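In what follows, a structure is listed as structure tokens, so that the remarks can point back to it.
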Amino acid sequence: MDIDDHEITISVNGVRYQRRVESRMLLSDFLRHDLGLAGTHVGCEHGVCGACTVLLDGQPVRSCLMFAVQAEKHEISTVEGVAGGDGEYHPLQQAMHDHHGLQCGYCTPGILMTMTAFLEENRSPSEEEVREALSGNLCRCTGYQNIVDAVMAAAKRMRG
Amino acid sequence: MSTRTFGEPIKRNEDRRLLTGQALFIDDVELPGMLHAAFLRSQVAHARIRKIDVSRALRRPGVVAAYVADDLGDYWKPGPLLVPPPPIAGIVFNQRTQVPLAKNKVRHVGEPLVIVIAESRYIAEDALDDIDIELEQLPAVVDIEQGLKAGSALVHEDLDSNVSAHVRQTKGNYATAAAKADHIIKRQFRYEHGISSPIETRGVVAQWDKRANQMTIWDTTQAPVFIRNGLAGMLGLSERQVRVIAPFVGGGFGPKIMMFYPEEVLLPWVSMKLNRPIKWIEDRLEHFFATTHERGQIHDAEMALTRDGRILGIKDVFLHDGGAYDPYGLTVPINSQCTLLGPYVVPNYDSTFTQVFTNLTLVTPYRGAGRQHGVFVMERLLDFAAHELNIDRAEIRRRNLIPADAFPYKNEIIFQDFQPLEYDSGNYEPVLDMALKAIGYNAFREEQAAARRQGRHLGIGVACYVEGTGIGPYEGAKVQVQSNGKVSIATGIGTQGQGHFTVFAQIAADQLGVAVTDVDVVTGDTDQFYWGAGTFASRGAVVAGNAVNEASKVVRKKALKLASDLFECAEEDLVLEDGKVSIVGIPEKFVRLGDLAGRANPMRGAVQPGTEPGLESTQYFGPPMGATANGVHAMIVEMDPRTFDLKILKYVVVHDCGTVINPMILAGQIHGGVAQGIGNAFYEKLVFDDQGQLLNASLADYLLPTALEVPRVELGHTVTKSPLNPMGIKGAGEAGAIPVGPLFAQAIEDALDLERRGVELLEIPLSPSRLFELTRNAPG
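These protein sequences, in sequence, are chains A and B.
Quick note on my numbering: the first sequence kicks off at 5 and runs consecutively.
Quick note on my numbering: the second sequence kicks off at 39 and runs consecutively.
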């Protein structure tokens with residue numbers, strides 16, 4: 005098979021990266037292994053578990069179901085960019101810590117990306133809406149209860 | 039003033055790295071010159087290997103090497119027997135352990151045939167398609183009953199049957215008890231447990247450093263010390279030359295301990311051969327075949343009772359699906375056999391099991407590790423007895439609970455830790471009372487009737503269990519005060535999210551008068567701590583936790599001794615808090631712990647004979663036997679009688695795991711266990727065809743519960759300390775997952791009025807479609 009490379013420019017967490025990638029390179033592999041942004045985790049590589057969720061122009065997408073070339077000229081946000089520049093937790097990170105919303109922490113980056121985007125859209129969610137929004141992210145450790153509590157608490161704090 | 043943190047809901051030390059994407063997981067290990075491995079795995083369950091030709095793969099640009107079994111030479115060996123059979127009279131055990139690459143025959147789908155090494159994972163996977171392979175397919179052993187019949191295909195043809203093991207254990211005399219019984223309940227039960235499916239799959243990175251003569255292996259293992267020792271032996275290295283690091287591991291739940299997986303054995307060998315670091319990360323499809331499962335048992339069980347519902351004895355004969363190889367010995371069926379007895383007085387017990395080889399992935403412990411199967415049998419037998427004897431389901435349980443004054447309670451048979459099964463302590467009735475109160479048991483029948491009048495079908499379930507936890511042999515810990523005043527702890531167990539970085543820190547922080555955040559815990563790095571067994575059987579907090587406590591006490595003593603020499607005062611006049619030792623009543627007279635650590639390592643001058651440098655101690659703890667935790671789960675469900683859609687309206691767990699170190703982390707363990715139990719009971723089922731093909735090997739088809747299926751869990755605790763360790767703690771990691779199957783069966787029967795309709799739920803997992811099948815011909 006001929007190697008099919010492309011020059012791409014992608015902005016991740018506000019930093020512009022220019023790289024040459026194979027057309028078949030998954031966005032998840034590109035972020036993790038080419039850019040060293042290994043906080044985005046890969047759980048199933050078939051779009052079910054949600055661990056690899058990143059934001060593409062603010063919208064959650066599964067980075068294992070996209071090629072890096074498709075992200076050309078888009079803005080990607082990953083877990084590494086969720087906290088403030090001084091390391092200050094985003095309200096959801098703080099709430100996840102406060103409510104013990106993570107155990108092994110492997111699914112956590114995907115959940116942070118999905119739910120920060122959700123909280124931007126829905127400032128006052130009900131528990132049912134939180135569960136619905138969370139249902140595309142699998143967690144095998146927590147039983148979700150503490151994650152739900154964390155999201156509700158973060159929503160409250162973000163409303164001020 | 040230092041505050042005691044033991045028993046408090048202290049937030050976790052490990053969270054920051056995990057929440058900011060900075061924790062090192064296996065696939066985050068990047069090394070210069072690293073190559074990538076992919077495996078060609080058998081696509082059929084049982085076949086003779088006629089030909090494997092890798093020459094075309096080797097010609098592909100970027101492919102570095104490809105190895106088949108014969109290329110391994112003397113390195114090709116069946117793996118070690120990890121858990122030998124326990125000392126039980128008359129036991130049969132046929133040891134057939136897994137091999138690194140299949141030779142002559144494949145025995146399950148997913149068994150590796152070829153390892154391909156390439157410059158990238160993409161190329162390595164491309165090259166798998168280049169391999170020319172011919173397999174002569176054989177009939178597969180899939181069904182455990184069929185597999186024992188004469189004329190069945192043989193998984194291991196050097197044996198004359200598919201029997202992996204046969205064990206009988208007895209207590210008292212069941213036959214005599216049954217002859218005196220007023221009533222006998224007899225049923226056949228089928229219980230399937232699924233796969234652990236952590237969100238992070240397995241992975242291995244091996245780096246042979248030829249100049250340093252040193253092997254470093256990153257591995258998603260739960261037992262790094264055993265991996266180090268085993269691989270050193272296999273590779274012809276001394277243990278000091280091998281360092282195994284279990285980094286942050288994305289969930290384990292049991293199967294990540296099944297050393298030695300073929301990939302763990304092969305990557306270090308290839309790395310030495312090529313003198314390059316090699317990485318292999320399992321993909322999700324591989325995980326379904328290549329990581330161990332739990333699966334099914336079939337029980338023919340009977341219970342003898344008096345007419346007032348007292349158990350006189352139980353007889354159980356069961357088959358256990360062991361998969362293609364049996365390196366983990368009998369841990370899972372022994373757990374089923376022992377845990378069946380539960381919190382009840384069972385004077386006579388006669389239990390026999392046969393572990394059967396099948397052409398399916400190996401079975402090893404997964405959270406609960408066979409305990410679920412036994413609890414299902416006991417709890418269902420009690421339900422049917424209650425029905426037939428016209429006794430309330432909770433009441434029949436109460437009548438049979440072991441009384442509080444009967445501990446330690448001897449069950450006489452041998453448990454998985456090779457010790458006689460003995461419950462160390464317990465007080466069971468208050469746990470049942472609390473659960474019944476919390477679920478609203480007494481008011482439920484009215485509530486149910488009112489709902490039914492509105493066309494809603496509610497049902498209630500109550501199930502009890504015990505959990506043998508915290509087994510030996512031992513763990514150790516090194517506690518060390520650093521010269522910056524921070525405390526470091528190293529222990530040999532691996533960690534997969536249980537909060538070890540925090541609970542161990544709490545234990546040391548209290549002893550040493552420092553903040554929990556000033557205690558740094560290292561787990562799972564064999565160069566940091568040399569000895570240990572691993573994380574399994576709900577034992578981390580119990581066994582390693584007590585070792586941390588013992589080591590911390592010694593360090594505390596050393597600090598006080600040094601300070602008393604310094605201040606020329608008695609140790610009793612000193613107080614250790616806020617990271618310093620001061621004289622009671624004279625807080626301005628103090629020395630910092632870090633300074634004491636510096637003084638404990640003098641650069642010049644003489645020391646007293648016998649002086650050990652540093653403010654550190656390494657201590658080991660080994661309990662005489664496992665500690666037995668217990669609990670009750672209760673649940674109210676609403677069923678749609680046409681679609682069999684199930685909604686959990688209320689879920690209560692009351693349990694007793696002895697002294698609690700951190701209630702927040704404990705609650706998390708219970709929540710997560712319940713979620714896995716719910717998956718097991720109603721959503722997760724491995725579906726094989728008669729040729730041993732797994733038909734639902736994706737997360738779109740094998741359904742892990744989501745936030746929509748798992749309800750809020752209400753928790754209650756009681757505390758009965760374990761006398762087996764100074765802190766009085768018992769394990770809790772598996773408790774949430776254990777009794778969920780019988781709870782579902784009971785609550786669903788109740789909601790759908792199945793007792794009246796003559797339908798009994800004798801199997802797990804259930805599902806809407808299975809309930810439709812079971813009830814379609816029943817009267818309405």
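Even for Gly, the Cβ is constructed at its ideal location relative to N, Cα and C.
All values reported here derive from a predicted model rather than from experimental measurement.
Option nearest residue i by Cα separation, candidates the options
i: H693(B); options: A250(B), G771(B), Q549(B); result: G771(B)
i: G71(B); options: E157(B), G59(B), I708(B); result: E157(B)
i: T4(A); options: Y93(A), E92(A), S67(A), R23(A); result: The displayed coordinates of chain A run from 5 to 164. Any statement about residue 4(A) would go beyond what the structure contains.
i: T44(A); options: Q98(A), H103(A), C111(A); result: C111(A)
i: I35(B); options: R134(B), P118(B), E149(B); result: Chain B is shown only over 39 to 818; residue 35(B) falls outside these bounds and no answer can be derived.
i: T697(B); options: Y105(B), S760(B), A638(B); result: S760(B)
i: G617(B); options: F782(B), V593(B), F77(B), E606(B); result: V593(B)
i: L800(B); options: R418(B), N397(B), A489(B); result: R418(B)
i: T758(B); options: A597(B), Q549(B), L724(B), P446(B); result: P446(B)
i: F782(B); options: D727(B), P817(B), L684(B); result: L684(B)
Where residue i falls: helix, strand or coil (DSSP)
i: T656(B); result: strand
i: G189(B); result: coil
i: L663(B); result: The question names Leu, but residue 663(B) is Met in the sequence shown. The answer is coil: DSSP assigns M663(B) none of H, G, I, E or B.
i: Q279(B); result: helix
i: F456(B); result: coil
i: E36(B); result: Since the first residue shown for chain B is 39 and the last is 818, residue 36(B) is missing from the structure and cannot be characterised.
i: D66(B); result: helix
i: E132(A); result: helix
i: L357(B); result: strand
i: S463(B); result: coil
i: G85(A); result: helix
i: V152(B); result: strand
i: K591(B); result: helix
Residue i versus residue j - alpha carbon distance
i: G18(A); j: E136(A); result: 30 Å
i: G643(B); j: D603(B); result: 16 Å
i: T402(B); j: E626(B); result: 58 Å
i: R794(B); j: M673(B); result: 21 Å
i: A501(B); j: G537(B); result: 28 Å
i: L790(B); j: I223(B); result: 22 Å
i: G623(B); j: T369(B); result: 56 Å
i: H755(B); j: V384(B); result: 26 Å
i: A55(A); j: G105(A); result: 15 Å
i: T254(B); j: G290(B); result: 21 Å
i: D433(B); j: Q184(B); result: Checking the sequence shown, residue 433(B) turns out to be Glu, not Asp. Distance between the alpha carbons of E433(B) and Q184(B) is about 40 Å.
i: G288(B); j: A705(B); result: 19 Å
i: L123(A); j: E133(A); result: 11 Å
i: L427(B); j: G109(A); result: 49 Å
i: A261(B); j: E301(B); result: 15 Å
i: V215(B); j: T208(B); result: Before going on, a small fix: residue 215(B) reads as Ala here, not Val. Each residue's alpha carbon lies about 13 Å from the other.
i: L400(B); j: V137(B); result: 12 Å
i: G367(B); j: A585(B); result: 28 Å
i: M39(B); j: L612(B); result: Reliability of the predicted coordinates at M39(B) is poor, the pLDDT of 38 falling under 50, and no value is obtained from them.
Residue range of the unbroken alpha helix (DSSP H) whose run includes residue i
i: Y229(B); result: Y229(B) -> not in any alpha helix (DSSP H); beta strand (DSSP E) instead, spanning 221-230.
i: Q784(B); result: 778-789
i: M100(A); result: 95-102
i: G754(B); result: Run containing G754(B): none in the alpha helix (DSSP H); it sits in the beta strand (DSSP E), 752-755.
i: L804(B); result: Here L804(B) belongs to no alpha helix (DSSP H), and DSSP marks it neither H nor E.
i: I255(B); result: Not the alpha helix (DSSP H): I255(B) falls in the beta strand (DSSP E), residues 252-257.
Residue i: first and last residue of the uninterrupted beta strand (DSSP E) it sits in
i: M416(B); result: Looking at the DSSP string, M416(B) is not in any beta strand (DSSP E); the run it does join, the alpha helix (DSSP H), is 409-427.
i: M70(A); result: No beta strand (DSSP E) contains M70(A), which DSSP labels as neither H nor E.
i: A202(B); result: In the sequence as presented, Ala is not what sits at residue 202(B); that position holds Ser. Looking at the DSSP string, the run of the beta strand (DSSP E) that includes S202(B) is 201-209.
i: H709(B); result: First-last for H709(B): 701-716, but that is the alpha helix (DSSP H), not the beta strand (DSSP E).
i: S15(A); result: 9-16
i: T392(B); result: 386-395
Residue i: CB within 6 Å of a non-hydrogen atom of the ligand GTP
i: D616(B); result: Among the ligands in the structure shown, none appear at all, so the ligand GTP cannot be discussed.
TODO: Report the residue ranges of all beta strand (DSSP E) runs contained in full by the segment 478-551 of chain B; include only those spanning at least 3 residues, in chain order.
DONE: 495-507, 513-519, 525-529
TODO: Identify each residue in the segment 735-747 of chain B for which the Cβ-Cβ distance to at least one residue of chain E is less than 9 Å, and report them in chain order.
DONE: Protein chains A and B are contained in the structure displayed, whereas chain E is not.
Open item on the list: Give the list of continuous beta strand (DSSP E) stretches no shorter than 3 residues that lie fully inside the segment 599-633 of chain B.
Closed with: Segments of the beta strand (DSSP E) lying fully in the segment 599-633 of chain B: 612-615, 618-621, 624-630.
- [ ] Quick one: which unbroken beta strand (DSSP E) runs of 3-plus residues sit fully inside the segment 111-148 of chain B? Chain order, please.
- [x] List check, beta strand (DSSP E) in window: nothing returned.
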